[in-house]
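Engineer: I have a structure here, written as structure tokens, and I will follow up with some questions on it.
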Amino acid sequence: MLRTEEMLLNVGPQHPSTHGVFRLVIKIDGEIIKEATPVIGYLHRGTEKLAENLQYTQIIPYTDRLDYLAAMTNNYVLCHAVETMMAIEVPDRAEYLRVIAMELGRVASHLVWWGTYLLDIGATSPFLYAFREREMIVNLLTELSGARLTFNYMRVGGVKWDAPEGWIEKVAEFVPYMREQLAGYHELVTGNEIFVNRVKGVGIYTKEEALQYSLSGANLRCTGVKWDLRKNEPYSIYDRFTFDVPTREEGDAFSRYHCRMEEIEESLKILEQAVVQFPEGPILAKVPKIIKVPKGEAFVRIESPRGEIGCYIASEGKKEPYRLKFRRPSFYNLQILPKLLEGENMANLITILGAIDIVLGEVDG
Amino acid sequence: MIKDLLHSAPSLLNFGIYFGLAVLLLFVVLGFVTYGILSERKIMGFMQLRIGPNQIGGKWGLLQTVADVLKLLIKEDTIPKKADRPLYILAPVIAFAPAFMVLATLPFTDAFQFADIGVGLLYYVAISGISTIGIVTAGWASNNKYSLIGGMRAAAQMISYEIPLVMSLVGIVLLTGSLNLNDIVAAQEKVWFIFLQPIAFIIFMIASVAELNRVPFDLPEAESELVAGYHVEYSGFRWAFFMLSEYVYMFAMATLTTVLFLGGWNSIPFLDFIPQAIWFGLKFSAVFYILVWIRVTFPRLRADQLMEFGWKVLLPVALANIFLTAIIKEIVNLF
């Protein structure tokens, strides 16, 4: 009698495709995964605890380091929470700058995802193409904020710096260029038979499961739920733009791919309109030097490239928050992974994990 | 020339000449590996918007590979404590030796071939199969789970792709009536076999990429899944052996493709004043370029899809090609 044995395989934390320091302990029978246990926390820095001893403006740089691929949205969610509690009216120009920065960040974030996902699947070139375009965005954001990744750009009541001269025009030029490149991406990858075979029908979950696991972002929209906070609960000035929320019905890795690629196009639409509407005016509201949030609590949520990012502040009326909590979308999205991996092929592990699109800085907080 | 030497009476001088030529071939091959790797990196750089090696040896990085190999040679040789020591040491040799053995029968020009044996084609296929054992051994002996999976994948993949590879060549053998590589080249004096056997050529190209373990068939060393597959525990010159054998095989495979489908050293009409060696080099480079091009373009297949593709698509098509060739040949013979 032939007897097969299950093998315990430790994937990560130093594995090329776990996108950072994510660890997965899997039991495999041949190449079939029987059980998968994610282990997280290798990048835990205790942002929320640190925040309790910091003034609100001082917390902003810490938020940069959560989801380091879309730091602008993190900046925004904190400022937005404080502004909501203090009922600050943010000047128009500042809001436009924020939206442009956030949408550029969203495009950059999706580009990194696209490139690394293809790298996981074994194609090396798309990564470099994606980073070419991302570099342009990073340069734009550097001109705006002075940093490449950890921008520390937004402040309670507005933004730190006004757009330098000619910056808006550069953004306007970037939009058609990006559209052109995006068409090239589709030509190279989307129709590729090997790629389609790798991702189609892999890692399927239903609408109900997605909701049960509290998934958000493209991970939710790929099952057919049309839920985007920019549309459903418009914050900032998103109600001034016309754009669509791309959805798919299949719920597999390929549908997530489509959702993200189309989201890039929608972000470009928003950028296009924002550039035209861009107003003159101040960039910072009148905010006291030392910000003291009135006693009470508030929770705000916005749409980050990875899903719903939320910020909860409980204040005792002091300079520092009593408790600060972030709802970090990557952390919630990751929870479905063990369920998806069960019974899957070893090679699909990377495809499924990659399609969830996690950033470990955000998962571990 | 070499043929005469083989059939002449044994003498020290003849041996000396023969040995000298063999050393020459070794240098040609090592030169290819050195500059093949460099040119691959340069071509990849060109396609991926990068510069490629540009530091060591002038602005084209001409000494980059030399420096890389030198670095590998002086690296510490580590053997895992729990590894199967004798097998671990033996594996790179098993993978490496056949890569050089196959070179003996490959005809580069009509004068430059070392062993003009009757079953040259069969010899190539048989000997190159041995390398698989080296890879499986390496995967097993490392005592590492990733390398074990890599080794197993390699075994499955190479066996499944060896068969369509050989089957695709049967058509050529039918047309030529010989397994001798020289005869095969001679038969292509008028028309190259790529035009007579297009289906076989496509199958051969796909199967040879799979045999070479290159993208999109690089599952045994699938970096993103298995870290480095079968050679994950190897370092220094032992790892260099695996890498070098891979490139020597690439050299051999590109040569074989040129010989079998592109007419070897035959020139295209009216251009026969250009030396045979140059013709061979041009065709060889074209095949090499295509191999690199494929690597840059495609993502990787999944293990089960790979097996399915090999057995359910390539093999039946190759078999159909044999029948088709045989029937057409008979019909042509009738008239």
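Residue numbers (the numbering used here), protein chains in the order written: chain X, 355 to 719; chain S, 592 to 926. Ideal Cβ placement from N, Cα and C applies to all residues, glycine included. In this text the structure is predicted, and so the values were computed from the model without any measurement.
1. Taking Cβ positions, are S/Thr888 and S/Phe871 nearer each other than 8 angstroms?
2. Measuring CA to CA, which of S/Asn912, S/Ala613, S/His822 is closest to S/Ile680?
3. Below 8 angstroms, how does it come out for the segment 492–508 of chain X and the segment 437–456 of chain X: are there three or more Cβ pairs, yes or no?
4. Taking DSSP as the reference, what is the three-state secondary structure of S/Asp895?
5. In the DSSP assignment, what are the bridge partners of X/Leu363?
6. Could you check where the beta strand (DSSP E) with X/Gly661 kicks off and where it finishes?
7. For X/Pro392, report the span of its beta strand (DSSP E) as first-last.
8. If contact is defined by three or more beta carbon pairs under 8 angstroms, each pair taking one atom from either stretch, is the segment 666–676 of chain S in contact with the segment 823–842 of chain S?
9. How many angstroms separate the CA atom of S/Ala688 from the CA atom of X/Gly708?
10. Unbroken alpha helix (DSSP H) runs of length 4 or more, entirely within the segment 566–630 of chain X: which are they?
11. Could you tell me whether the segment 543–555 of chain X touches the segment 578–588 of chain X, where touching means 3 or more Cβ pairs closer than 8 angstroms?
12. Below 8 angstroms CB to CB, which residues in the same chain sit around X/Pro648 once its five sequence neighbours on both sides are set aside?
13. For S/Val823, would you say it is in contact with chain X, using Cβ-to-Cβ distances shorter than 8 angstroms as the test?
14. With X/Arg655 as the anchor, note down where its beta strand (DSSP E) starts and where it stops.
15. Can you tell me where the alpha helix (DSSP H) holding S/Arg676 begins and where it ends?
16. Check whether the Cβ of S/Lys736 lies closer than 8 angstroms to any Cβ atom in chain X.
17. Taking the alpha carbon of S/Asp895 as the reference point, which residue from S/Leu772, S/Phe808, S/Ile763 has its own alpha carbon closest?
18. Using alpha carbons as the reference points, say which of X/Gly697, X/Ala564, X/Gly395, X/Ile413 lies closest to X/Tyr676.
19. Could you name the residues of the same chain whose beta carbon sits closer than 8 angstroms to that of S/Leu766, not counting the 5 residues immediately before and after it, in chain order?
20. I'd like to know if the segment 377–390 of chain X and the segment 359–368 of chain X are in contact, where contact means that at least 3 CB-CB pairs between them fall below 8 angstroms.
21. So, is X/Gln368 buried or exposed, given that buried needs 16 or more other C-beta atoms within 10 angstroms?
22. When the Cα of S/Ile794 is compared with those of S/Met758, S/Ile869, S/Val883, which residue comes out closest?
23. Cβ atoms of S/Gly711 and S/Asn645: under 8 angstroms apart, would you say?
24. What three-state label does DSSP hand X/Val513 in the structure shown?
25. Where do the ends of the alpha helix (DSSP H) carrying S/Lys662 lie?
26. Note down, in chain order, each residue of its chain lying with its Cβ closer than 7 angstroms to the Cβ of S/Leu910, except the 5 sequence neighbours on either side.
27. Taking the alpha carbon of S/Pro755 as the point to measure from, which residue in S/Leu739, S/Val800, S/Tyr737 has its own alpha carbon closest?
28. What are the residues in the segment 627–655 of chain S lying within 7 angstroms of chain X by C-beta distance?
29. Determine, using beta carbons only, whether X/Met532 comes closer than 8 angstroms to chain S.
30. Starting from X/Arg419 and walking both ways along the beta strand (DSSP E), at which residues does that stretch end?
31. Taking 8 angstroms as the cut-off, does the segment 597–608 of chain X touch the segment 488–502 of chain X (at least 3 CB pairs, one atom from each stretch)?
32. Does the CB of X/Leu482 have a neighbour CB from chain S at under 8 angstroms?
33. Could you please give the first and the last residue of the uninterrupted beta strand (DSSP E) stretch that includes X/Phe680?
34. Please state whether DSSP places S/Leu640 in a helix, a strand or coil.
Structural biologist: The structure says:
1. Here residue 888 of chain S refers to the residue found at position 297 when the second sequence is read from its first residue. Here residue 871 of chain S refers to the residue found at position 280 when the second sequence is read from its first residue. The answer is no: Cβ separation not under 8 angstroms.
2. Against the second sequence, residue 680 of chain S aligns to sequence position 89. Comparing Cα-Cα distances from S/Ile680 to each of S/Asn912, S/Ala613, S/His822, the minimum goes to S/His822.
3. Taking one beta carbon from each stretch, the segment 492–508 of chain X and the segment 437–456 of chain X have 3 or more pairs nearer than 8 angstroms; the two touch.
4. The residue labelled residue 895 of chain S in the question sits at position 304 within the second sequence. It is helical.
5. Within the first sequence, residue 363 of chain X is the residue found at index 9, counting from 1. Note: X/Leu363 sits in a beta bridge opposite X/Ile380.
6. Here residue 661 of chain X refers to the residue found at position 307 of the first sequence. Its beta strand (DSSP E) spans residues 661–669.
7. On the first sequence, position 38 is the one that residue 392 of chain X refers to. Run containing X/Pro392: 386–393, per the beta strand (DSSP E) assignment.
8. Yes, the segment 823–842 of chain S is in contact with the segment 666–676 of chain S.
9. For the purposes of this step, residue 688 of chain S is identified with residue 97 of the second sequence, where counting begins at 1. For the purposes of this step, residue 708 of chain X is identified with residue 354 of the first sequence, where counting begins at 1. One C-alpha to the other measures close to 39 angstroms.
10. 572–575, 583–586, all fully within the segment 566–630 of chain X.
11. No, they do not touch.
12. Your numbering for residue 648 of chain X matches position 294 in the first sequence. Correct list, in chain order: Met439, Met440, Ser669, Gly671.
13. For this step, residue 823 of chain S is matched to residue 232 along the second sequence. Chain X contact via Cβ: absent.
14. In the first sequence, the residue the question calls residue 655 of chain X occupies position 301. Run containing X/Arg655: 650–658, per the beta strand (DSSP E) assignment.
15. As a working mapping, residue 676 of chain S is identified with position 85 in the second sequence. Segment 676–692, the alpha helix (DSSP H) holding S/Arg676.
16. One-based indexing of the second sequence puts residue 736 of chain S at position 145. It does: the Cβ of S/Lys736 has a partner Cβ on chain X nearer than 8 angstroms.
17. In the second sequence, counting from the first residue as 1, residue 895 of chain S sits at position 304. Minimum Cα distance to S/Asp895 is reached at S/Phe808.
18. As a working mapping, residue 676 of chain X is identified with position 322 in the first sequence. For X/Tyr676, the nearest C-alpha among the options comes from X/Ile413.
19. Counting from 1 along the second sequence, the entry for residue 766 of chain S is found at position 175. Closer than 8 angstroms at Cβ, skipping near neighbours: Ala778, Phe784, Leu787, Gln788, Thr916, Lys920.
20. yes
21. One-based indexing of the first sequence puts residue 368 of chain X at position 14. Its Cβ having fewer than 16 others within 10 Å, X/Gln368 is exposed.
22. Numbered from its first residue, the second sequence carries residue 794 of chain S at position 203. Looking at the Cα atoms, S/Met758 is the closest of the given residues.
23. The residue labelled residue 645 of chain S in the question sits at position 54 within the second sequence. The residue labelled residue 711 of chain S in the question sits at position 120 within the second sequence. No, they are not a contact pair.
24. Residue 513 of chain X sits at position 159 when you count from the first residue of the first sequence. It is a strand residue.
25. Locating residue 662 of chain S in the second sequence gives position 71, counting from the first residue. From DSSP, the alpha helix (DSSP H) with S/Lys662 extends over 655–664.
26. Sequence index remark: in the second sequence, residue 910 of chain S carries index 319 (1-based). The residues are Met758.
27. Translated into positions along the second sequence, residue 755 of chain S becomes position 164. The residue with the shortest Cα to Cα distance from S/Pro755 is S/Val800.
28. Met638, Gln639, Leu640, Arg641
29. Numbered from its first residue, the first sequence carries residue 532 of chain X at position 178. Closer than 8 angstroms: no.
30. Here residue 419 of chain X is taken as the residue at index 65 of the first sequence, counted from 1. Segment: none, X/Arg419 is in no beta strand (DSSP E) and carries neither H nor E.
31. no
32. Numbered from its first residue, the first sequence carries residue 482 of chain X at position 128. Chain S, which has a Cβ nearer than 8 angstroms to the Cβ of X/Leu482, makes this yes.
33. Position 326 of the first sequence, counted from the first residue, corresponds to residue 680 of chain X. First-last of the beta strand (DSSP E) with X/Phe680: 677–681.
34. Walking along the second sequence from the start, residue 640 of chain S turns up at place 49. Here S/Leu640 sits in coil by DSSP.
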